[in-house]
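Each residue of the sequence shown is one higher than the one before, starting from 16 at the first, in the numbering used here.
The beta-carbon is built from N, C-alpha and C at its ideal position, and this holds for glycine as well.
Below you'll find the structure, written out as structure tokens, and then a few comments.
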Amino acid sequence: LDAYPAKLASLGLDLAIAPLEVNLFNESKSNLRLIEYGIFGWPVICTDIYPYRSNDAPVCRVPNEARRWIAAIREHLADRDALRRSGHELQRWVRQHYLLEDHLDDWLAALTPA
């Protein structure tokens, strides 16, 4: 577990994919995978499922149909400039909404009795 962040960073992906089977368990998850990929500036193709819809993440959501996934991957890889722009947009989204140091007052207010 301690090596996870460094190992993830070492992948140097051009495109990340985040498939999830549509079921109640996965609909109860968070969008952590998008945050992890996004902070590295990796564009994401993911399943169109609740946790990946939250907070309007700038990602490509697709239904769990093989032909739709293949088409989305091919489309993204065909335009490398657009791919980089998508990655930068997702990184900005993560920095805007999910960096703890930018939201300490929100956390303190939520965790401290009034």
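Query: Alpha carbon of Leu49 to alpha carbon of Ala129, nearest angstrom; Result: 33 Å
Query: Element boundaries [alpha helix (DSSP H), containing Ile88]; Result: Ala81 to Ala93
Query: Tyr67 vs Val74 beta-carbon contact at 8 Å; Result: yes
Query: Per-residue DSSP class, three states only, for Ile60; Result: strand
Query: Residue span of the alpha helix (DSSP H) that contains Glu125, given as start and end; Result: In the sequence as presented, Glu is not what sits at residue 125; that position holds Ala. Unbroken alpha helix (DSSP H) run through Ala125: Leu119 to Leu126.
Query: Pairwise C-alpha distance: Ala72 and Asn79; Result: 18 Å
Query: Anticipated Cβ contact below 8 Å, Glu42 with Tyr19, distance rounded; Result: Actually they do not touch by this definition, with Cβ atoms about 24 Å apart.
Query: Pair within 8 Å by beta-carbon distance, Ile60 and Ile88; Result: yes
Query: Beta carbon of His91 nearer than 8 Å to that of Leu30; Result: yes
Query: Start-to-end residues for the beta strand (DSSP E) that takes in Ala33; Result: Ala31 to Ala33
Query: Closest by C-alpha distance to Arg99, when choosing among Asp17, Leu28, Lys22 and Leu16; Result: Leu28
Query: 8 Å Cβ cutoff met for Leu35 and Thr62; Result: yes
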